[in-house]
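Right, one structure below, let's go through it.
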Amino acid sequence: MRYFVPNLKLSADLPTQEKLEDKLGGLPWGLKPEQYPICRHCGKSQSLLAQFVHNPERLDLGKSDRTLLVFQCNYAPGGCPTWEGGSGANACFVLDPEELSDSPTPMPADCPQLETEARVIEWLAQDDQILLEQVSAFYDDEQLENLPDETRNRVYTETKLGGVPEWVQSSSEAPAEGWIFIGQLSDSYKFFQEPSEQNGIYVYLSSEYWACDGPNFGDAGIGYIFLRHQSGKPNGWFFWQCG
Ligand SMILES: [Zn+2]
């Protein structure tokens, strides 16, 4: 299975964002304030986890320039059920180009705690050598258990688009039929080049790459993004699991 890994740079190390771009954290691009998602549990503005743009190869949103946005509530970590799909403490939705403005989204009045902002400089295409006929096993715990370790260990565990999910817990939490896995978010950001030290963000070396903390997905958690195609814009679904 082909999958795509973001080559990230901290926005602090980049020129100011001037157009729609794939990004993690920060404020969205083009989301109108009236569409900004509010947590159904605490009533506060949520925080952006990721904004990704349609791409026929790595993210099929059904139409050019559509954008996918994923948020969760950062107001009271552990308080609002951000881990639960459809809970209202997270949000995952697609917008048409006509629904977007051509400017950065202003900070909501209640100033949610933003995630560190990083932008995707390029996507690196990879192949995990998982066969198409093995994919269904990743949505059935028993079948997954029966796959050779060597196969399971090839699943990329960090932020990616495409491929198969790296489950921290049971695959049975995936939404039912009709939903397609389109990518996952790690609770840390991985950098292939060393970020500059002047940006005030704590960056550490983690095996061969640099990293900084990402969203709160509990202990070593992973967030999963699913889409359901239908007439008009696809629906989105987000949830996370932790160890
Ligand atoms: Zn909340």
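All residue numbers for the sequence shown refer to my numbering, where the first residue is 736 and numbers rise by one. The beta carbon of each residue, even a glycine, is placed where N, CA and C say it ideally should be.
Problem set entry | Where serine 921 falls: helix, strand or coil (DSSP) | strand
For this session: Verify whether the separation of the beta carbon atoms of leucine 783 and glycine 765 is less than 9 Å.
Result: no
Problem set entry | Contact test: tyrosine 810 Cβ vs ligand 1 heavy atom, cutoff 8 Å | yes
Exercise. Would you call glutamine 919 buried or exposed, if buried means 16 or more other Cβ atoms sit within 10 Å of its Cβ?
Worked result: buried
For this session: Mark glycine 692 as exposed unless 16 or more other C-beta atoms lie within 10 angstroms of its C-beta, in which case mark it buried.
Result: Because residue 692 is not part of the residues shown, which for the chain are 736 to 978, the question remains open.
For this session: Return the CA-CA distance between glutamine 752 and leucine 803, expressed in angstroms with no decimal places.
Result: 17 Å
For this session: Would you tell me roughly how many angstroms separate the C-alpha atoms of asparagine 951 and glutamate 893, rounded to the nearest one?
Result: 14 Å
Exercise. Which word fits arginine 737, buried or exposed, when buried means at least 16 other C-beta atoms lie within 10 angstroms of its C-beta?
Worked result: exposed
Exercise. What residue range is occupied by the uninterrupted beta strand (DSSP E) comprising glutamate 857?
Worked result: 853 to 862
For this session: May I have a chain-ordered list of the alpha helix (DSSP H) segments no shorter than 4 residues that lie completely inside the stretch 800 to 874?
Result: none
Exercise. Which stretch, first to last residue, makes up the alpha helix (DSSP H) that contains arginine 775?
Worked result: Arginine 775 -> no alpha helix (DSSP H), and no H or E assigned at all.
For this session: Compute every distance between the C-beta of cysteine 827 and the non-hydrogen atoms of ligand 2, then say whether any falls below 8 Å.
Result: Only ligand 1 can be found as ligands here, which leaves ligand 2 out of the picture.
Problem set entry | Whether glycine 813 touches phenylalanine 974 by CB criterion (9 Å) | no
Exercise. Closer than 8 Å: is that where the CB of glycine 820 sits relative to any heavy atom of ligand 1?
Worked result: no
Exercise. With a Cβ-Cβ cutoff of 9 Å, do tryptophan 858 and phenylalanine 739 count as a contact?
Worked result: yes
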